[in-house]
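Enquirer: Residue numbers (the working numbering): -19 to 133. Glycine is no exception: its CB is placed at the ideal position from the N, C-alpha and C atoms. All figures in this text were calculated on a predicted structure; none of them were measured in a lab.
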């Protein structure tokens, strides 16, 4: 019966006999010599039905309305507040350092303020990260529900 090959140089389709598979042939148009390779059909496609997805399969990117979200709109504000708290704590600590010799209580209060400000800043930063995760989860669930509705029965 034979099979078809394309010339690698001029892309001309050539009909090649089965017995020439794996052998060197010459293009009739440009005289380029190349090895004829028979077409090997791929394995049968999987049967139609619900796909089994793994966690590694990117589901959202398959949805036509998907767009990647940036960080939460409050993320930058939370970071700003966190750095502001650290700055205030640092200034308080710097102001307390010269007073260490005269008042140990002021130094202890400055350290306590730094600890509270630092913990508050870290909590705000963590809250921004958590809210970003919640937003992306809600978008994921909404896209998944939309794709379930769009799927033909």
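In the structure shown, what three-state DSSP assignment does residue 8 receive?
Expert: Translated into the one-based positions of the chain shown, residue 8 becomes position 28. Coil at residue 8, not helix or strand.
Enquirer: Identify whether residue 69 lies in helix, strand or coil by the three-state DSSP scheme.
Expert: Walking along the chain shown from the start, residue 69 turns up at place 89. If DSSP states are grouped into helix, strand and coil, residue 69 belongs with the helices.
Enquirer: Would the beta-carbon of residue -18 fall within 9 Å of that of residue -7?
Expert: In the chain shown, counting from the first residue as 1, residue -18 sits at position 2. In the chain shown, counting from the first residue as 1, residue -7 sits at position 13. No.
Enquirer: Assign residue 10 to one of two classes, buried (16 or more other C-beta atoms within 10 Å of its C-beta) or exposed (fewer than that).
Expert: Here residue 10 refers to the residue found at position 30 of the chain shown. Exposed, by the Cβ-count rule.
Enquirer: Once DSSP output is grouped into helix, strand and coil, what is the label at residue 0?
Expert: Along the chain shown, one-based indexing puts residue 0 at 20. In this structure, residue 0 counts as helix in the three-state DSSP scheme.
Enquirer: Have a look at residue 57 and residue 69 and give me their C-alpha separation to the nearest angstrom.
Expert: Within the chain shown, residue 57 is the residue found at index 77, counting from 1. Within the chain shown, residue 69 is the residue found at index 89, counting from 1. Between residue 57 and residue 69, the C-alpha separation is close to 18 Å.
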